[in-house]
Amino acid sequence: MTNLTDLVFILVVVIDFFLLASSRLGAAIRAVATQGALLAALPLLLLEGGHQVGHVLLLAAGALAIKGALIPWLMFRAIREASIRREMEPIVGFVPSMVLGGIGVALAFAFSSRLPLPGGEAHPYLVPTALSTVWAGMLLVVSRKKAVNQVLGFLVLENGVYVFGLLLTGIMPVMVEAGVLLDLFAAVFVMGIVMFHINREFASLDTEKLSALKD
Amino acid sequence: MNAPMVLRTALHVVALLVLPPLLLGVINRVKSIVGGRRGPPLLQPYLDLAKLLRKGAVYSRTTTWVFRAGPVIGLAATASAGVLLSMGGAPAPIAFAGDFVLFAYLLGLGRFFTALAALDTGSSFEGMGAAREVTFASLAEPALFLCLLVLARATGSLSLSGMLGPDLDAAWSSAAPGLLLAAIGLFVVALAECSRIPVDDPNTHLELTMIHEVMVLDHGGPDLALILYGAAMKLFLFGALLSRLVLGHGAGALASEALFLLGVLAFAVAVGVVESVMARLRIVRVPQLLVGASVLSAFALVLLLR
Numbered sequence: 001m002t003n004l005t006d007l008v009f010i011l012v013v014v015i016d017f018f019l020l021a022s023s024r025l026g027a028a029i030r031a032v033a034t035q036g037a038l039l040a041a042l043p044l045l046l047l048e049g050g051h052q053v054g055h056v057l058l059l060a061a062g063a064l065a066i067k068g069a070l071i072p073w074l075m076f077r078a079i080r081e082a083s084i085r086r087e088m089e090p091i092v093g094f095v096p097s098m099v100l101g102g103i104g105v106a107l108a109f110a111f112s113s114r115l116p117l118p119g120g121e122a123h124p125y126l127v128p129t130a131l132s133t134v135w136a137g138m139l140l141v142v143s144r145k146k147a148v149n150q151v152l153g154f155l156v157l158e159n160g161v162y163v164f165g166l167l168l169t170g171i172m173p174v175m176v177e178a179g180v181l182l183d184l185f186a187a188v189f190v191m192g193i194v195m196f197h198i199n200r201e202f203a204s205l206d207t208e209k210l211s212a213l214k215d
Numbered sequence: 001m002n003a004p005m006v007l008r009t010a011l012h013v014v015a016l017l018v019l020p021p022l023l024l025g026v027i028n029r030v031k032s033i034v035g036g037r038r039g040p041p042l043l044q045p046y047l048d049l050a051k052l053l054r055k056g057a058v059y060s061r062t063t064t065w066v067f068r069a070g071p072v073i074g075l076a077a078t079a080s081a082g083v084l085l086s087m088g089g090a091p092a093p094i095a096f097a098g099d100f101v102l103f104a105y106l107l108g109l110g111r112f113f114t115a116l117a118a119l120d121t122g123s124s125f126e127g128m129g130a131a132r133e134v135t136f137a138s139l140a141e142p143a144l145f146l147c148l149l150v151l152a153r154a155t156g157s158l159s160l161s162g163m164l165g166p167d168l169d170a171a172w173s174s175a176a177p178g179l180l181l182a183a184i185g186l187f188v189v190a191l192a193e194c195s196r197i198p199v200d201d202p203n204t205h206l207e208l209t210m211i212h213e214v215m216v217l218d219h220g221g222p223d224l225a226l227i228l229y230g231a232a233m234k235l236f237l238f239g240a241l242l243s244r245l246v247l248g249h250g251a252g253a254l255a256s257e258a259l260f261l262l263g264v265l266a267f268a269v270a271v272g273v274v275e276s277v278m279a280r281l282r283i284v285r286v287p288q289l290l291v292g293a294s295v296l297s298a299f300a301l302v303l304l305l306r
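In structure tokens:
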């Protein structure tokens with residue numbers, strides 16, 4: 001069991017790298033969906049005695065439905081409506097962002113054991129994976145020009161926060177987590193509407209054009 | 001050295017010298033089958049080499065001794081690198097602490113002289129090929145070194161024989177994810193170093209996109225044979241490295257030799273399948289692929305260092 005959990009954590013980080021490197025939006029959305037589905041499996045893999053099984057099952061099912069199915073479907077709809085296929089010129093290039101991601105991951109793995117954590121580590125890779133994923137998501141948000149990619153970055157960032165939250169599955173009530181998932185869904189929904197408006201006003205989803213606004 | 005050891009070392013050298021063109025034959029056969037053709041016979045590369053060796057050489061008057069030395073040094077460096085690599089069950093004929101650095105730089109020396117011979121022709125076209133080859137090699141090298149460092153860290157040995165030796169089997173049970181990532185990185189490096197698709201297409205002669213083939217365009221006859229043979233041997237070396245890294249040892253000498261040969265053949269089939277299902281990447285995307293391989297290997301190293 002522990003090897004399978006290792007593999008899931010490592011796949012999550014490898015998907016981070018893939019996202020930093022890929023220019024195809026369709027592939028990126030599929031990667032984020034896969035990451036979400038992998039994350040949904042994590043609460044089950046980390047399940048120990050003492051947790052409420054129903055709570056954990058609910059959490060996994062909710063994450064799978066929202067992160068793995070609903071949000072990717074919304075994103076695919078968004079890129080179909082806006083008829084865009086790929087990120088052409090990001091602010092930070094694909095190679096530098098991959099290298100930055102690699103440095104972030106290395107630092108996360110090197111220093112995460114120094115963090116004071118509530119209740120000890122559930123798994124040695126949990127905290128570094130969470131930190132790396134947050135870092136990759138932040139990089140995506142600040143370094144891409146297309147709004148769809150920035151939303152994907154936000155989703156990855158949230159995935160990282162979710163992994164960190166797994167530390168607290170024993171403590172956190174189910175309502176809080178359901179609320180977080182709902183928030184995420186609502187945020188993506190709102191961003192979809194915003195993207196629709198950007199697209200209609202500027203005939204493109206390039207957020208650079210927003211800085212040329214005049215009254 | 002006792003008798004079995006001598007026998008196995010001899011076997012090692014014979015395998016290194018005889019098998020490489022067979023890998024090219026296997027790759028071509030796999031590509032033909034996937035493409036729905038019957039394809040050339042498996043031993044066609046040997047026939048090609050024999051044909052080239054029977055021909056005479058033509059040298060341009062603008063070239064110097066460097067042009068003639070290029071293919072010879074390229075092949076000699078690759079073969080010397082092969083002696084350092086442990087194959088089958090036996091440790092390598094030559095092994096010392098830190099020989100993986102020599103292994104990487106012998107490959108580098110071969111490439112350096114091939115590029116120098118290309119520059120020596122004075123043709124701007126070949127110069128372009130040399131520039132591309134060297135650029136991509138400089139990106140592939142960190143990935144190769146990171147993979148070897150992962151191996152060194154996992155087995156606690158600084159020699160290739162130790163890295164690919166019995167300690168590796170124990171390392172797989174404790175550090176499997178890291179070694180798997182390193183193997184993936186090494187496969188990408190192998191594709192780039194041996195100029196296969198998706199980095200370079202060994203069959204095309206389309207001017208804008210070729211890399212390795214441009215450099216050897218002015219070589220003919222025996223020189224071209226040496227270059228083709230050297231390229232095949234390089235492929236065999238990477239196949240041997242990956243086969244040992246992924247499959248490890250069998251029980252007993254004979255079993256591990258068989259496992260090794262099987263692994264090298266599987267590598268050739270894998271390369272053939274990759275070449276059949278993928279198109280060549282645009283040249284600007286190649287650095288991305290190689291940096292990706294480096295980052296994966298660095299991640300593997302981070303996992304092991306923890």
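In order, the protein sequence lines correspond to chains Y and P. Note that this note's numbering gives residue 153 to position 153 of the first sequence, counting from 1, and the numbers run on in steps of one. Note that this note's numbering gives residue 254 to position 254 of the second sequence, counting from 1, and the numbers run on in steps of one. Note that CB positions come from ideal geometry on N, CA and C, so glycine has one too.
**Item:** Boundaries of the alpha helix (DSSP H) in which P71(P) is found, first to last residue
**Value:** W65 to L84
**Item:** Assigned exposure category for G36(Y) - 16 Cβ within 10 Å defines buried
**Value:** buried
**Prompt:** Would you call the CB atoms of L160(P) and L84(P) closer than 8 Å?
**Reply:** For L160(P) and L84(P), yes; Cβs fall inside 8 Å.
**Item:** Min CB distance A33(Y) to chain P below 8 Å
**Value:** Between A33(Y) and chain P, the shortest Cβ-Cβ separation is not below 8 Å.
**Request:** Return the chain-ordered ranges of every alpha helix (DSSP H) run that is complete within the segment 29-78 of chain Y and spans a minimum of 4 residues.
**Result:** 53-63
**Asked** Should A97(P) go down as buried or exposed, given a rule of 16 or more other Cβ atoms within 10 Å for buried?
**Response** exposed
**Prompt:** Between which two residues does the alpha helix (DSSP H) harbouring I103(Y) extend?
**Reply:** F94 to F111
**Request:** Less than 8 Å between the CB atoms is what I'm expecting for A130(P) and A118(P), so what's the real figure, rounded?
**Result:** 4 Å
**Request:** Would you grab the beta carbon distance between G137(Y) and G160(Y) for me? Rounded to a whole angstrom, and I think it's under 8 Å.
**Result:** 6 Å
**Request:** State the Cα-Cα distance for the pair M278(P) and S195(P), rounded to the nearest angstrom.
**Result:** 14 Å
**Item:** Proximity below 8 Å, CB of L224(P) to CB of G185(P)
**Value:** Not a contact, by the Cβ cut-off of 8 Å.
**DSSP state of D99(P) mapped onto helix, strand, coil** = helix
**Request:** Consider the Cβ of M1(Y): report whether some Cβ of chain P lies at a distance smaller than 8 Å.
**Result:** Residue confidence is low: M1(Y) scores 48 on pLDDT, short of 50, so the model does not pin down where it sits. Its coordinate-derived value is still stated next. Taking Cβ atoms only, chain P never reaches closer than 8 Å to M1(Y), which makes this a no.
**Item:** Backbone secondary structure at K55(P) - three-state DSSP
**Value:** coil
**Asked** Which stretch, first to last residue, makes up the alpha helix (DSSP H) that contains Y125(Y)?
**Response** From DSSP, Y125(Y) is part of no alpha helix (DSSP H); its letter is neither H nor E.
**Item:** Straight-line gap, I283(P) to E213(P) (C-alpha atoms, nearest Å)
**Value:** Within the model, the alpha-carbon separation for I283(P) versus E213(P) is close to 15 Å.
**Asked** Does the segment 164-171 of chain P come within contact of the segment 243-251 of chain P, defined as at least 3 CB pairs closer than 8 Å?
**Response** In this structure the segment 164-171 of chain P lies against the segment 243-251 of chain P, because at least three pairs of beta carbons, one per stretch, are closer than 8 Å.
**Request:** Measure from the alpha carbon of L46(Y) to the alpha carbon of each residue in A82(Y), T5(Y), L64(Y) and R80(Y), then state which is nearest.
**Result:** T5(Y)
**Prompt:** How about I198(Y): is its C-beta nearer than 8 Å to some C-beta of chain P?
**Reply:** no
**Prompt:** Mind pulling the alpha helix (DSSP H) runs of 4 or more residues that sit fully within the segment 224-278 of chain P?
**Reply:** 253-277
**Request:** Can you give me the start and stop residues for the alpha helix (DSSP H) that P41(P) sits inside?
**Result:** P41(P) -> no alpha helix (DSSP H), and no H or E assigned at all.
**Message:** Helix, strand or coil, according to DSSP, for D206(Y) in the structure here?
**Reply:** strand
**Message:** For M1(Y) and P43(Y), I'd like the C-alpha separation in whole angstroms.
**Reply:** Unreliable placement is indicated for M1(Y), whose pLDDT of 48 sits below 50; the coordinate value is still reported in the next sentence. Looking at the two C-alpha atoms, the distance is approximately 13 Å.
**Message:** For a test of the three-state rule: what should DSSP assign to R132(P), helix, strand or coil?
**Reply:** In the structure shown, the three-state DSSP call for R132(P) is helix.
**Request:** Below 8 Å between beta carbons is the criterion; list the residues of the segment 66-78 of chain Y that meet it against any residue of chain P, in chain order.
**Result:** none
**Message:** Does the CB of R306(P) have a neighbour CB from chain Y at under 8 Å?
**Reply:** yes
**Request:** Pick helix, strand or coil for R29(P), following the three-state DSSP scheme.
**Result:** helix
**Request:** Please list the residues of the segment 267-293 of chain P that have a C-beta atom closer than 7 Å to any C-beta atom in chain Y, keeping them in chain order.
**Result:** P287, Q288, V291 and G292
**Request:** Measure the CB-CB distance between T133(Y) and D16(Y) and report whether it falls below 8 Å.
**Result:** yes
**Message:** I'd like to know if L7(Y) contacts chain P, where contact means its C-beta is closer than 8 Å to some C-beta of that chain.
**Reply:** yes
**Asked** Considering M5(P), what are the terminal residues of the alpha helix (DSSP H) in which it resides?
**Response** A3 to V18
**Message:** Please state the DSSP three-state secondary structure of R24(Y).
**Reply:** Three-state DSSP puts R24(Y) in a strand.
**Message:** Along the segment 170-189 of chain P, where does the CB come closer than 8 Å to a CB of chain Y? Name the residues.
**Reply:** A176, P177 and L181
**Message:** I'd like to know if L334(P) contacts chain Y, where contact means its C-beta is closer than 8 Å to some C-beta of that chain.
**Reply:** Chain P is shown only over 1 to 306; residue 334(P) falls outside these bounds and no answer can be derived.
**Prompt:** Thinking C-alpha only, which one of A21(Y), W135(Y), F109(Y) and V142(Y) is nearest L126(Y)?
**Reply:** Nearest option by C-alpha distance: F109(Y).
**Message:** Quick check on DSSP: helix, strand or coil for R144(Y)?
**Reply:** Looking at R144(Y) - three-state DSSP - the assignment turns out to be coil, as it is neither helix nor strand.
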